[in-house]
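What follows is a single structure, written as structure tokens, with notes after it.
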Amino acid sequence: MLRGLDGDAQAHRQCLTLLRDRLRAYFGRRLTENPEDAEDLVQEALLAVHARRATYDRNLPVTAWAYAIARYKLIDYWRRRKVRFALPLDDVADFLASRTPALDDGLDLTRALQTLHPRQRALVEDVKIGGLSLAEAGARRGYSEGAAKVALHRALKLLSTRMSDADG
Amino acid sequence: MQTDDLIDALSADVAVVRRGEPQRRLASTAIAGGLIAFILVAAWLGLRSDLAEAIGGAVFWIKAGYTLALAAAFFHAGERLSRPGVAAGRAWTLAVAIVAVFAGLGLMQWGAMPAARKLAAIQGVSWRVCTRNILVLGAPMTLICVMSMRGLAPTRPMAAGFAAGAFSGAVAASIYGLHCPEAPFIFTAIWYTLGVGACGALGAVLGRWLLRW
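In order, the protein sequence lines correspond to chains S and B.
Just so we're on the same page, this note's numbering is the position in the first sequence counted from 1, plus 61.
For the second sequence, position 167 matches number 152 in this note's numbering, and the numbering has no gaps at all.
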């Protein structure tokens, strides 16, 4: 996203493609009886993402911004169709959980990781990114296997709250 | 059109996006709207006759400080609300706090006045027209500001419209200070604030209709 804002067309295309998949998951799930409308909304939302990308605040997660656009387009669609019911706020979880590679998770995750204690962070990186076993990683950072397990669990829990805070 | 063709088309020409586009837009409406308000004051209401003298005193600047601080708070709210997925809670709180502090100042000053002057302090000579004048001065900028916001991405049209209107009202009220000779802070706290609120309401109505994208 950021490189797209700086004029990198290739990065921009990649960003739109990733968002396309997320938007398809988002609208597809809500308009199961109307797949064509869902695809129209995907296009509308992509157009808005492109045309209004100057409203993205670079300090905030891309997902939260794109989600708000998708939500606005969905509400607008219902308004045009005169359908009225409340859209639960917690549907953000679907948007975030759709199984496509995340376009800014790298960025968000790096920031969240930086808020952890250095020893915790090293443990998370060794196990989840470096692929070491708990025992090996624990030995490197001076934890017993059991302690490493607990520490890792705590660190991941902390990470998930930090990241959902960031998206809130 | 196929979605992938759309992505190809959109990625064909990717201009560099500068930071702070919402801020730039709101700031330029303030320049245009402020100018319109100034022309209206000069041509229609007239500058206050003791302007040169008043500018040297504290009262003029405290009044201007109040309306300019409100303008800053609503500018901030408008900028936030022009971006999808960004909350404006802190900006609203700031605006309410500014009104509360100034109203408190006005009440303190008012409480210390002799009873015979209390009503005169609230009514001044222009209480019937003050709020209306600010609404008239702020209406052109409110329209410009809402139209300019259309190019951004406000997902809450009424709230964004209110912020745009109140921002315009606060700018207009600051310019109106060049005409209005009233000195008691309680007067400003009531009638100016109502004028800013009236512009906000106008903006909310306009936003409801115009801020669709």
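Cβ atoms here follow ideal geometry from the backbone N, Cα and C, with glycine treated the same way.
For clarity, every value in this text was computed on a predicted model and none was experimentally measured.
For residue i versus residue j, is the C-beta spacing smaller than 9 Å?
i, j, result
"F172(B)", "G63(B)", "no"
"T52(B)", "V156(B)", "yes"
"Y128(S)", "L102(S)", "no"
"L55(B)", "A80(B)", "yes"
"R202(S)", "R180(S)", "yes"
"T124(S)", "P69(B)", "no"
"S133(B)", "R10(B)", "yes"
"F87(B)", "F170(B)", "yes"
"G150(B)", "A189(B)", "yes"
"H111(S)", "L128(B)", "no"
"Y227(B)", "A22(B)", "Because chain B spans -14 through 198 in this model, residue 227(B) falls outside it and cannot be assessed."
"A148(B)", "A57(B)", "no"
"V84(B)", "H73(S)", "no"
"R119(S)", "R4(B)", "yes"
"A138(B)", "W198(B)", "yes"
"I130(S)", "T140(B)", "yes"
"E206(S)", "L195(S)", "yes"
"V71(B)", "L121(S)", "yes"
"G146(B)", "L104(B)", "no"
"G65(S)", "R114(S)", "yes"
"L184(S)", "Y204(S)", "yes"
"R223(S)", "A173(S)", "yes"
If you draw a straight line from the C-alpha of residue i to the C-alpha of residue j, how long is it?
i, j, result
"I(-8)(B)", "V114(B)", "55 Å"
"G192(S)", "K210(S)", "14 Å"
"V1(B)", "L77(S)", "16 Å"
"F59(B)", "S34(B)", "31 Å"
"G96(B)", "L135(S)", "53 Å"
"G182(B)", "R117(B)", "11 Å"
"G42(B)", "K48(B)", "11 Å"
"L196(B)", "A198(S)", "54 Å"
"P7(B)", "M143(B)", "17 Å"
"A186(B)", "W176(B)", "15 Å"
"L219(S)", "L177(S)", "8 Å"
"E167(B)", "Q94(B)", "14 Å"
"R141(S)", "G89(B)", "46 Å"
"R193(B)", "V131(B)", "10 Å"
"H61(B)", "L79(S)", "31 Å"
"V188(S)", "R182(S)", "10 Å"
"A(-3)(B)", "E97(S)", "25 Å"
"Q175(S)", "Q71(S)", "29 Å"
"L20(B)", "W29(B)", "14 Å"
"Q75(S)", "S221(S)", "26 Å"
"S67(B)", "G74(B)", "14 Å"
"E94(S)", "R81(S)", "20 Å"
What are the start and end residues of the alpha helix (DSSP H) that includes residue i?
i, result
"A62(S)", "In the sequence as presented, Ala is not what sits at residue 62(S); that position holds Met. It is not in any alpha helix (DSSP H) - M62(S) carries neither H nor E in the DSSP assignment."
"H164(B)", "Element bounds for H164(B): n/a, residue is neither H nor E."
"A174(B)", "Neither: A174(B) is in no alpha helix (DSSP H) and is coded neither H nor E."
"K134(S)", "123 to 141"
"V44(B)", "43 to 66"
"V110(S)", "96 to 112"
"A196(S)", "195 to 202"
"E186(S)", "No alpha helix (DSSP H) holds E186(S); DSSP gives it neither H nor E."
"V1(B)", "Segment: none, V1(B) is in no alpha helix (DSSP H) and carries neither H nor E."
"W95(B)", "74 to 96"
"S(-4)(B)", "-12 to -3"
"A101(B)", "100 to 108"
"T116(B)", "112 to 134"
Hey, out of the options, whose CA is closest to residue i's CA?
i, options, result
"S159(B)", "L92(B), A15(B), V110(B)", "A15(B)"
"S13(B)", "C165(B), M126(B), G146(B)", "M126(B)"
"I107(B)", "G50(B), A174(B), S133(B)", "A174(B)"
"L122(B)", "A27(B), F147(B), W46(B)", "A27(B)"
"Q(-13)(B)", "E105(S), M62(S), T93(S)", "E105(S)"
"D(-11)(B)", "A70(S), I130(S), G89(S), L107(S)", "L107(S)"
"G91(B)", "T178(B), C165(B), V131(B)", "T178(B)"
"L163(B)", "A73(B), L36(B), A(-3)(B)", "L36(B)"
"L84(S)", "E94(S), A99(S), N95(S), Q71(S)", "A99(S)"
"A109(S)", "A212(S), K143(S), W126(S)", "W126(S)"
"G109(B)", "E38(B), C165(B), G50(B)", "C165(B)"
"Y133(S)", "Y87(S), A200(S), A208(S)", "Y87(S)"
"L25(B)", "C184(B), G180(B), A124(B)", "A124(B)"
At a cut-off of 8 Å, is residue i close to the ligand ZN when judged by its beta-carbon and the heavy atoms of the ligand?
i, result
"D137(S)", "As for the ligand ZN, it is missing from this structure, which has no ligand bound."
Quiz item: Looking at chain S, which residues of the stretch 51 to 71 of chain B have a Cβ within less than 7 Å of any of its Cβ atoms?
Solution: S67, R68, P69, G70, V71
Exercise. Output, in sequence order along the chain, the residues in the stretch 107 to 126 of chain S whose CB is closer than 8 Å to any CB in chain B.
Key: Residues passing the 8 Å Cβ filter: L107, L108, A109, H111, R113, R114, A115, T116, Y117, D118, R119, L121, A125, W126.
Quiz prompt | Chain-ordered residues of the stretch -7 to 4 of chain B with a beta carbon less than 8 Å from chain S | solution = D(-7), L(-5), S(-4), A(-3), D(-2), V(-1), A0, V1, V2, R3, R4
Quiz item: When Cβ atoms are compared, which residues of the stretch 117 to 150 of chain B fall closer than 7 Å to chain S?
Solution: L137, A138, T140
Quiz prompt | Cβ-based contacts, 8 Å cut-off: residues of the stretch 4 to 16 of chain B near chain S | solution = R4, E6, P7
Practice problem: Could you please tell me which residues of the stretch 85 to 108 of chain S, in chain order, have their CB closer than 9 Å to any CB of chain B? | Solution: R85, E100, V103, Q104, L107, L108
Quiz item: Looking at chain B, which residues of the stretch 204 to 224 of chain S have a Cβ within less than 7 Å of any of its Cβ atoms?
Solution: none
Practice problem: Select from the stretch 161 to 188 of chain B all residues with a C-beta closer than 8 Å to any C-beta belonging to chain S, and list them in chain order. | Solution: none
Quiz item: Which of the residues in the stretch 183 to 196 of chain S, read from start to end, lie with their CB under 9 Å from any CB of chain B?
Solution: none
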